[in-house]
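Novice:
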Amino acid sequence: MKGLILVSLLLLAACGRGVPDSARIVVAGDSVMAWNRGDGASVADVLEARLGEPVGDVSLPLARVLGGVGPLNIPTQLEGVRAERVVLTGGANDLRGGCDCTNCAPVLDRLISEDGAEGAIPALVASLRAGGSRVIWADYYTSPNYAGTACERPYRVLEARLGRMAAARDGVTLVDMDEVFRPDDLSLFASDRTHPSAKGSARIAGLIAPLLRR
5 MKGLILVSLL LLAACGRGVP DSARIVVAGD SVMAWNRGDG ASVADVLEAR LGEPVGDVSL
65 PLARVLGGVG PLNIPTQLEG VRAERVVLTG GANDLRGGCD CTNCAPVLDR LISEDGAEGA
125 IPALVASLRA GGSRVIWADY YTSPNYAGTA CERPYRVLEA RLGRMAAARD GVTLVDMDEV
185 FRPDDLSLFA SDRTHPSAKG SARIAGLIAP LLRR
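Position 202 of the sequence shown, counting from 1, maps to 206 under the working numbering, and the rest follow consecutively.
As structure tokens, this is what we get:
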């Protein structure tokens with residue numbers, strides 16, 4: 005069954021939006037970015053409509069910063085990508101698969117150190133900056149499934165570390181999806197109460213779009 009799911013995801017990646025030659029903006033990351041793509045309502049779809057220009061999209065459900073095969077690895081998604089702006093998120097699947105919400109320090113440290121200077125996420129961001137891309141990292145919203153539980157804490161730690169990274173690096177901006185999401189507004193969430201609804205994806209795009217205008 006797991007093999008079938010992986011094949012299905014790889015096929016989704018192959019028939020996804022991809023990166024048009026003329027795109028100066030590319031979206032990458034996990035299911036928060038990829039959700040609603042089949043309905044033409046993903047974050048990248050809405051950004052493209054709002055900005056009136058091509059937007060690439062290499063995001064994929066289940067993608068991780070650490071591990072993952074092929075496009076299920078977020079750094080691999082961005083190999084060879086040269087874009088003026090890269091919008092991405094990541095880390096949720098690493099935390100979900102690598103800790104139980106109460107013992108997440110080892111995974112968090114591998115993702116990004118306490119000072120925001122070391123780890124897989126800063127390494128990815130440094131690589132993108134070295135290639136000339138400016139980076140917008142979108143920090144996760146709080147979903148109804150996690151609100152008020154112990155699982156909120158690792159994401160708060162991740163957010164704080166991402167903030168330190170962004171503050172110390174030129175050309176890196178952190179945006180917080182909690183600015184436009186509320187866990188008690190179920191209209192923003194898909195039926196699984198975790199991923200964004202089409203309205204939720206539009207909220208994320210609305211938060212990011214002003215940072216991408218020429």
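Here a beta-carbon is modelled for each residue, glycine too, at the ideal position from N, C-alpha and C.
(1) Quick check: G95 and L162, are their CB atoms within less than 8 Å of each other?
(2) With distances taken from CA atoms, which of V62, C103, D98, T93 is nearest E83?
(3) Three-state secondary structure (DSSP) at D61?
(4) By Cβ distance below 7 Å, which residues in the same chain neighbour W39 in space, the five residues on each side in sequence not counted?
(5) Contact defined as beta carbons within less than 8 Å: I believe V31 pairs with V91. What is the distance between those atoms, to the nearest angstrom?
(6) Would a C-beta distance cut-off of 8 Å place L115 and V69 closer than the cut-off?
(7) Per DSSP, what kind of secondary structure is G120 in: helix, strand or coil?
(8) Considering just the uninterrupted stretch of the alpha helix (DSSP H) at V47, what are its terminal residues?
(9) Taking the alpha-carbon positions, what's the A154 to C105 distance?
(10) Where does D143 fall in DSSP's three states?
(11) Around the Cβ of P214, are there at least 16 other Cβ atoms within 10 angstroms (buried) or fewer (exposed)?
(12) Does DSSP classify D34 as helix, strand or coil?
(13) Going straight from the alpha carbon of L64 to that of N77, what length do you get?
(14) By how many angstroms is the C-alpha of D34 removed from the C-alpha of L15?
(15) What is the rounded straight-line gap between the Cα of D98 and the Cα of P79?
(16) In the DSSP assignment, what residue or residues form a beta bridge with N77?
(17) Compare the C-beta of R114 with all C-beta atoms of chain D and state if any pair is closer than 8 Å.
(18) Drop a sphere of 10 angstroms on the beta-carbon of P110, count the other beta-carbons inside from all chains shown, and report buried for 16 or more, exposed for fewer.
(19) Spatial neighbours of L132 within its chain, please: C-beta separation below 6 Å, excluding the five flanking residues on both sides.
Specialist: In terms of the structure at hand:
(1) In the sequence shown, counting from the first residue as 1, residue 95 sits at position 91. In the sequence shown, counting from the first residue as 1, residue 162 sits at position 158. When the beta-carbon positions are compared, G95 and L162 come within less than 8 Å of each other.
(2) For the purposes of this step, residue 83 is identified with residue 79 of the sequence shown, where counting begins at 1. Here the closest residue by C-alpha is V62.
(3) As a position in the sequence shown, residue 61 is number 57, starting the count at 1. The answer is strand: DSSP assigns D61 an E or B state.
(4) For the purposes of this step, residue 39 is identified with residue 35 of the sequence shown, where counting begins at 1. The answer, listed in chain order, is S46, A194, H199, P200, S205.
(5) For the purposes of this step, residue 31 is taken as the residue at position 27 of the sequence shown. For the purposes of this step, residue 91 is taken as the residue at position 87 of the sequence shown. Confirmed, Cβ separation roughly 5 Å.
(6) In the sequence shown, counting from the first residue as 1, residue 115 sits at position 111. In the sequence shown, counting from the first residue as 1, residue 69 sits at position 65. Yes, the pair counts as a contact, with Cβ atoms nearer than the cut-off.
(7) In the sequence shown, the residue the question calls residue 120 occupies position 116. The answer is coil: DSSP assigns G120 none of H, G, I, E or B.
(8) Reading the sequence shown from its first residue, position 43 is the one you call residue 47. 47-55 is the span of the alpha helix (DSSP H), which, as asked, contains V47.
(9) Residue 154 sits at position 150 when you count from the first residue of the sequence shown. Residue 105 sits at position 101 when you count from the first residue of the sequence shown. About 6 Å.
(10) Residue 143 sits at position 139 when you count from the first residue of the sequence shown. Strand at D143.
(11) Walking along the sequence shown from the start, residue 214 turns up at place 210. Exposed, because fewer than 16 other Cβ atoms sit within 10 Å of the Cβ of P214.
(12) Taking the first residue of the sequence shown as position 1, residue 34 is located at position 30. Correct three-state label for D34: coil.
(13) What you label residue 64 is simply residue 60 of the sequence shown in a count that begins at 1. What you label residue 77 is simply residue 73 of the sequence shown in a count that begins at 1. Cα to Cα, L64 sits roughly 9 Å from N77.
(14) Translated into the one-based positions of the sequence shown, residue 15 becomes position 11. Translated into the one-based positions of the sequence shown, residue 34 becomes position 30. Here L15 scores only 47 on pLDDT, less than 50, and its place in the model should not be relied on; the value that follows carries that caveat. Rounded to whole angstroms, L15 and D34 show a C-alpha spacing of 15 Å.
(15) Here the question's residue 98 lines up with position 94 in the sequence shown. Here the question's residue 79 lines up with position 75 in the sequence shown. Looking at the two C-alpha atoms, the distance is approximately 13 Å.
(16) Start at 1 with the first residue of the sequence shown, and residue 77 comes out as number 73. DSSP output for N77 lists R68 as bridge partner(s).
(17) No chain D is part of this structure, which consists of one protein chain only.
(18) To locate residue 110, count along the sequence shown from 1; it is residue 106. The residue in question, P110, is exposed, as its Cβ has fewer than 16 Cβ neighbours within 10 Å.
(19) Translated into the one-based positions of the sequence shown, residue 132 becomes position 128. The answer, listed in chain order, is V90, V139.
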